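J.:
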Amino acid sequence: MPASAKQLALDRHVARLVRCRRCPRMKSTPVSGGAVVSEVMLIGQAPGPREPTLKRPFAHTAGQTLFRWFEEFCGMNEATVRSKIYFAAVCRCFPGKSPGGTDRVPAPDEIFNCSSWMNEEVKILQPRLIIP
Numbered sequence: 012m013p014a015s016a017k018q019l020a021l022d023r024h025v026a027r028l029v030r031c032r033r034c035p036r037m038k039s040t041p042v043s044g045g046a047v048v049s050e051v052m053l054i055g056q057a058p059g060p061r062e063p064t065l066k067r068p069f070a071h072t073a074g075q076t077l078f079r080w081f082e083e084f085c086g087m088n089e090a091t092v093r094s095k096i097y098f099a100a101v102c103r104c105f106p107g108k109s110p111g112g113t114d115r116v117p118a119p120d121e122i123f124n125c126s127s128w129m130n131e132e133v134k135i136l137q138p139r140l141i142i143p
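To convert, note that position 51 of the sequence shown is 62 in this note's numbering; the numbers rise steadily by one, no gaps.
#1: What does a CB cutoff of less than 6 Å around A57 pick up in its chain, not counting 5 residues either side in sequence?
#2: Taking its Cβ as the centre, do 16 or more other Cβ atoms sit within 10 Å of L140, making it buried, or is it exposed?
#3: Start and end of the beta strand (DSSP E) containing M52?
#4: Exposed or buried, which one is C104 when buried takes at least 16 other CB atoms within 10 Å?
#5: Would W128 be called buried (16 or more neighbouring beta carbons within 10 Å of its own) or exposed?
#6: Our contact map puts G44 next to Y97 with C-beta atoms below 8 Å; I'd like the distance itself, whole angstroms only.
#7: Short check: CB of P110 to CB of S49, under 8 Å?
#8: Tell me which residue opens and which closes the beta strand (DSSP E) that I142 is part of.
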């Protein structure tokens, strides 16, 4: 698929993704890093509590660590990484807190509900590298 066709397909995909409301137990709307056409896809578990407000994945604690690693080992700052890598997640919404106060692990049905988003992204992007 030519880059322009990938971009158009990804733009449409992300527009549908951010409107998703499949999981009633989730505590936020979907978080997306935007339609970045890339050969590299980075996959997290689910957004944390601040990512929906900040409107981007890896925007708080986990992101600070992740972007520090990219800076140290690749010489790439956060803006460069975000412009070159497609960010995805097993679940796209914040699942809420567990009874112990940590972020709740998404339930199997929530993972299943979100799986079509990632399947479509892999189909569109055909990434050469997937970082779980």
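Where is the CB? At the ideal position from N, CA and C, for every residue including glycine.
Since the structure is predicted, the reported quantities are computational estimates derived from the model, not experimental observations.
T.: In short:
#1: A100, C102, P106 and P117
#2: exposed
#3: V51 to G55
#4: buried
#5: buried
#6: 7 Å
#7: no
#8: L140 to I142
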